[in-house]
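S.K.: Just dropping this structure here.
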Amino acid sequence: MKKYTFTEKKDTRSGFGAGLLEAGRNNPEVVALCADLVGSLKMEAFIKEFPERFFQIGIAEANMMGIAAGMTIGGKIPFTGTFANFSTGRVYDQIRQSIAYSDKNVKICASHAGLTLGEDGATHQILEDIGLMKMLPGMTVINPCDYNQTKAATIAIAEHHGPVYLRFGRPVVPIFTDADQKFEIGKAWMVNEGADVSIFATGHLVWEAIQAGEKLAELGIDAEIINIHTIKPLDAEAVLKSVAKTRCVVTAEEHNRLGGLGDSIAQLLAQNNPTPQEYVAVNDSFGESGKPAELMTKYGLDADHIVKAAQKVIARKG
Amino acid sequence: MTENELAQKSNQYRQRILKYIVGANAGHTGGSLSCIDILNVLYNYTLNVSPQNFSSPDRDRYIQSKGHCVEALFVVLADKGFFPEEDLNTLCKYQSHYIGHPTKKVKGVEQNTGALGHGLPISVGNALAAKMDEKDFRVFTLMGDGELPEGSNWEAALTAAHYKLDNLCAIIDKNSLQITGSTADVCNTDPIDEKFESFGWAVKHVDGHDLKALKEAFDSLPFEAGKPSLVIAHTVKGKGVSFMENQISWHHGVPSKEQYADALKELSEAL
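Protein chains in written order, with the working numbering: chain A, 30 to 347; chain B, 2 to 272.
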């Protein structure tokens, strides 16, 4: 098992903030809109440097999505910022018609996704957003795993033409990917090559998958760990290549098991190479209040659950 | 174009709206007839929009929030030369771009619309972008009075005033009827003027079938510097065909062969 270490923890939303500033410096067409969550989305640095390119919309998310769609005329690249819940479910019709169906170059940037939002509880802990967004034709869906990857992804989406959903989170988490990495949309990252089981992980679950990989190595299991940061378009080649070797799959995500990364992988495999698969995901449930780590354990989204899922799926191999 | 020529156009547009709705056996008859005079004045008098300048970043923008009345828009765009009118024989047919709501696949259409309450937020975005780029084009959006209860309209109304978007003009086609009944009965939004004024807009009332009054209203934009403008156009659903006027059944009704002949006769005689 390849060794991953970290010296610092940071929230992925800060990676977004840093990436937005850099994207703004790279391209004068980048503009930002926010629904009263400037601090939560870490947009202050962009606003300080580019006050004339920032638009406070207030708590009116549907309006924000429509305005963002309208602002694309003349080549502007609007980045919207609010919590994941209000970036998707609350404004689905606006995104569907005015952004996705209209092929607008809007970047929907969503913080506080999933259980790790923590104390605020179920109303704000959206676990359905990946599914909602990946179902929209033409929408790119990205869920980076740490500060550096989120920063790189934010810079990359500014250079990609088309609507994008970028999902990140609230808590501080280990930084274990390279600083100043080049982020390639739709290209999976091989975290660890292995032979016994393919673990496909996204977002906060990538670090958990690495921890699980180390535990599995101690048990004599050689896990292949692949980071699927781009859920749509899915890197089918990377998935199929890995599964041809390992013949069993664990998917890991901070999302409902219905409609998320696991379903995307399962659909690909059902059509190309039917393979035993175990889901590490929330079992069709809303969340609740608690510390992120407490919730991740309760809902089965930690390294230990990935280890158990790997053992189970290996046993299912013919 | 003289007033008389404009009036003739309105009459011809009404005949064509009915023709293509009958051909498609689908469409929104009453609302298309209520808003057609507004579209006539916009495209033949007010807007700096033509097939020749449609790729110019400096053109005026028109976004039809009440997308279901697409027949009115398509007939006017065809007349302006954006596409051959005979294309409309495919309206709402399989594999046609001329679908039941505006789509950018049709030349001349600025924005896909259909679900209501979208036009104003998008127009606010257009107007904000214009201000940012220091462009002097104007943004117009046509809304139905029936779509006013959509909350996104009021969110956008706040933003438009907050950012002092006096390059934005919203027009309400106030025909006072919607699919279920009168707007007053379904969800009363009156007084619309006081509501928008309290949100920071400058408002004018106009007879939405008086071409001269519409011209004058649009000529006087912005109604007040630093404020978005609202035109409340008082209209009659089904206007121009006596048996359709003010009848809810014509919201989505398609004329029979006999009704179509009667309607054409009435419109021809009015020319």
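Note that beta-carbon positions come from the ideal geometry of N, C-alpha and C, so glycine has one too.
#1: Would B:Asp88 pass as an interface residue toward chain A - the criterion being a Cβ-Cβ separation below 8 Å?
#2: Could you work out which residue in A:Asn114, A:Ala61, A:Val59 is closest to A:Arg199 when comparing CA atoms only?
#3: Enumerate, from N- to C-terminal direction, the unbroken alpha helix (DSSP H) stretches of 4 or more residues contained entirely within the segment 181-262 of chain A.
#4: Per the DSSP calculation, B:Gln65 is bridged to which residue(s)?
#5: Please classify B:Ser250 as buried or exposed, where buried requires at least 16 other C-beta atoms within 10 Å of its C-beta.
#6: Where does A:Asp40 sit, in a helix, a strand or coil, going by DSSP?
#7: What does A:Ser116 touch in chain B if you count any residue whose Cβ is under 9 Å from its own?
#8: So, is A:Asn177 buried or exposed, given that buried needs 16 or more other C-beta atoms within 10 angstroms?
#9: Here's a check: name, in chain order, each residue in its chain whose Cβ is nearer than 7 Å to the Cβ of A:Pro203, leaving out the five neighbours to either side.
#10: What do you reckon, are the CB atoms on B:Ser66 and B:Asn41 nearer than 8 Å?
#11: Using a beta-carbon distance cut-off of less than 8 Å, what residues from the segment 63-92 of chain A approach chain B?
#12: Measure the CB-CB distance between B:Asn189 and B:Thr236 and report whether it falls below 8 Å.
#13: Under 9 Å, CB to CB, which of the residues in the segment 116-144 of chain B have a partner in chain A?
#14: Pick from B:Gln260, B:Ile233, B:Gly32: whose alpha carbon is nearest that of B:Asp194?
#15: Is it right to say A:Asp209 is buried, meaning 16 or more other beta carbons lie within 10 angstroms of its own, or is it exposed?
#16: Quick one, which residues of the segment 201-217 of chain B are near chain C if we go by CB-CB under 8 Å, in chain order?
#17: Quick test of your reading: B:Ala25 and B:Cys93, contact by CB under 8 Å. State the CB separation rounded to the nearest angstrom.
#18: Is DSSP giving A:Pro303 helix, strand or coil here?
#19: Have a look at A:Arg185 and A:Asp132 and give me their C-alpha separation to the nearest angstrom.
#20: Assign A:Ser365 to one of two classes, buried (16 or more other C-beta atoms within 10 Å of its C-beta) or exposed (fewer than that).
#21: Whose C-beta lies closer than 6 Å to the C-beta of A:Gly288 among residues of the same chain, with five residues either side of it excluded?
#22: Span of the beta strand (DSSP E) holding B:His235?
#23: I'd like to know if A:Pro96 contacts chain B, where contact means its C-beta is closer than 8 Å to some C-beta of that chain.
#24: Inspect the beta-carbon positions of B:Ile39 and B:Arg15 and report whether they are closer than 8 Å.
#25: Contact defined as beta carbons within less than 8 Å: I believe A:Leu146 pairs with A:Val311. What is the distance between those atoms, to the nearest angstrom?
#26: By alpha-carbon positions, which one of A:Ser43, A:Thr152, A:His233, A:Val201 ends up nearest to A:Ile257?
#27: The beta strand (DSSP E) with A:Lys136 in it runs from where to where?
#28: From B:Gln260 to B:Glu246, what distance separates their C-alpha atoms?
#29: Rounded to a whole number of angstroms, what is the C-alpha to C-alpha distance between A:Gly154 and A:His141?
#30: In the segment 258-270 of chain B, which residues sit with their C-beta less than 7 Å from some C-beta in chain A, listed in chain order?
#31: Please confirm whether B:Leu166 and B:Ala226 have their CB atoms less than 8 Å apart.
#32: From what residue to what residue does the beta strand (DSSP E) around A:Gln85 run?
#33: I need the boundaries of the alpha helix (DSSP H) containing A:His334, first residue and last residue.
#34: Considering only the alpha carbon of each residue, which of A:Leu70, A:Ile335, A:Phe229 lies closest to A:Leu62?
#35: Threshold first: 4 residues or longer. Then list the alpha helix (DSSP H) segments lying entirely within the segment 98-180 of chain B, N to C.
#36: What does DSSP give as the partner residues of A:Pro107 in its beta bridges?
M.R.: This is what the structure holds:
#1: Sequence index remark: in the second sequence, residue 88 of chain B carries index 87 (1-based). The beta carbon of B:Asp88 sits no closer than 8 Å to any beta carbon of chain A.
#2: Here residue 199 of chain A refers to the residue found at position 170 when the first sequence is read from its first residue. That would be A:Asn114, whose Cα lies nearest to the Cα of A:Arg199.
#3: Taking 4 residues as the shortest admissible run, the segment 181-262 of chain A contains the following complete alpha helix (DSSP H) segments, listed from N- to C-terminal end: 234-247.
#4: Numbered from 1 along the second sequence, position 64 holds the residue referred to as residue 65 of chain B. Beta-bridge pairing links B:Gln65 to B:Leu143.
#5: Working through the second sequence from its first residue, we reach residue 250 of chain B at position 249. The residue in question, B:Ser250, is exposed, as its Cβ has fewer than 16 Cβ neighbours within 10 Å.
#6: Against the first sequence, residue 40 of chain A aligns to sequence position 11. In the structure shown, A:Asp40 sits in a strand (DSSP, three-state: E or B).
#7: As a first step, residue 116 of chain A is located in the first sequence; it is residue number 87 there, counting from the start. Residues of chain B passing the Cβ test: none, with the nearest at roughly 15 Å.
#8: Here residue 177 of chain A is taken as the residue at index 148 of the first sequence, counted from 1. Its Cβ being crowded by 16 or more others within 10 Å, A:Asn177 is buried.
#9: Counting from one through the first sequence, the residue named residue 203 of chain A turns up at place 174. So the list reads Phe35, Lys38, Asp175, Trp236, once near-sequence residues are dropped.
#10: In the second sequence, the residue the question calls residue 66 of chain B occupies position 65. In the second sequence, the residue the question calls residue 41 of chain B occupies position 40. At the C-beta level, B:Ser66 and B:Asn41 stay beyond 8 Å of one another.
#11: So the close ones are Glu81, Arg82, Phe84, Ile86, Gly87, Ala89, Ala91, Asn92.
#12: The sequence position of residue 189 of chain B within the second sequence is 188, counting from 1. The sequence position of residue 236 of chain B within the second sequence is 235, counting from 1. Not in contact: B:Asn189 and B:Thr236 (Cβ atoms no closer than 8 Å).
#13: With the criterion set as a beta carbon lying under 9 Å from some beta carbon of chain A, the members of the segment 116-144 of chain B are Ala116, Gly118, His119, Gly120, Leu121, Pro122, Ile123, Ser124, Val125, Gly126, Asn127, Ala128, Leu129, Ala130, Ala131, Met133, Asp134, Lys136, Val140, in sequence order.
#14: Locating residue 194 of chain B in the second sequence gives position 193, where the first residue counts as 1. B:Ile233 is the residue among B:Gln260, B:Ile233, B:Gly32 whose C-alpha sits nearest the C-alpha of B:Asp194.
#15: In the first sequence, residue 209 of chain A corresponds to position 180, counting from 1. Exposed is the call here.
#16: In summary, chain C is missing from the structure at hand, where the protein chains are A and B.
#17: Reading the second sequence from its first residue, position 24 is the one you call residue 25 of chain B. Reading the second sequence from its first residue, position 92 is the one you call residue 93 of chain B. Going by Cβ atoms, the distance from B:Ala25 to B:Cys93 rounds to 4 Å, so yes, they are a contact pair.
#18: Reading the first sequence from its first residue, position 274 is the one you call residue 303 of chain A. Look at A:Pro303 here: in three-state DSSP terms it is coil, with no helix or strand label.
#19: Walking along the first sequence from the start, residue 185 of chain A turns up at place 156. Walking along the first sequence from the start, residue 132 of chain A turns up at place 103. At residue 185 of chain A the sequence reads Ala, which differs from the Arg that was named. Going from the Cα of A:Ala185 to the Cα of A:Asp132 covers about 18 Å.
#20: The question about residue 365 of chain A has no answer, for chain A in this structure spans 30 to 347.
#21: The count along the first sequence starts at 1 and reaches residue 288 of chain A at position 259. Contacts found: Gly160.
#22: Here residue 235 of chain B is taken as the residue at index 234 of the second sequence, counted from 1. From DSSP, the beta strand (DSSP E) with B:His235 extends over 230-235.
#23: Taking the first sequence and counting its residues from 1, the one referred to as residue 96 of chain A is at position 67. As written in the sequence, residue 96 of chain A is Ile, which differs from the Pro given in the question. It does: the Cβ of A:Ile96 has a partner Cβ on chain B nearer than 8 Å.
#24: The sequence position of residue 39 of chain B within the second sequence is 38, counting from 1. The sequence position of residue 15 of chain B within the second sequence is 14, counting from 1. No, they are not a contact pair.
#25: Here residue 146 of chain A is taken as the residue at index 117 of the first sequence, counted from 1. Here residue 311 of chain A is taken as the residue at index 282 of the first sequence, counted from 1. About 13 Å separates the two Cβ atoms, so there is no contact after all.
#26: Walking along the first sequence from the start, residue 257 of chain A turns up at place 228. Considering only A:Ser43, A:Thr152, A:His233, A:Val201, the residue with the shortest C-alpha distance to A:Ile257 is A:His233.
#27: Numbered from 1 along the first sequence, position 107 holds the residue referred to as residue 136 of chain A. That run of the beta strand (DSSP E) goes 136-140.
#28: In the second sequence, residue 260 of chain B corresponds to position 259, counting from 1. In the second sequence, residue 246 of chain B corresponds to position 245, counting from 1. Cα to Cα, B:Gln260 sits roughly 13 Å from B:Glu246.
#29: One-based indexing of the first sequence puts residue 154 of chain A at position 125. One-based indexing of the first sequence puts residue 141 of chain A at position 112. Looking at the sequence provided, one finds Gln at residue 154 of chain A rather than Gly. For A:Gln154 and A:His141, the distance between alpha carbons rounds to 7 Å.
#30: Listed by position along the chain: nothing, the set is empty.
#31: The sequence position of residue 166 of chain B within the second sequence is 165, counting from 1. The sequence position of residue 226 of chain B within the second sequence is 225, counting from 1. Taking 8 Å as the Cβ cut-off, B:Leu166 and B:Ala226 do not qualify as a contacting pair.
#32: Position 56 of the first sequence holds residue 85 of chain A. Segment 83-85, the beta strand (DSSP E) holding A:Gln85.
#33: Position 305 of the first sequence, counting from 1, holds the residue named residue 334 of chain A. Counted as a single uninterrupted DSSP element, the alpha helix (DSSP H) harbouring A:His334 occupies residues 332-345.
#34: What you label residue 62 of chain A is simply residue 33 of the first sequence in a count that begins at 1. Distance check between A:Leu62 and each of A:Leu70, A:Ile335, A:Phe229 places A:Leu70 closest, using alpha-carbon atoms only.
#35: You should have 120-133, 152-163.
#36: Indexing the first sequence from 1 puts residue 107 of chain A at position 78. In the DSSP assignment, A:Pro107 is bridged to A:Val60.
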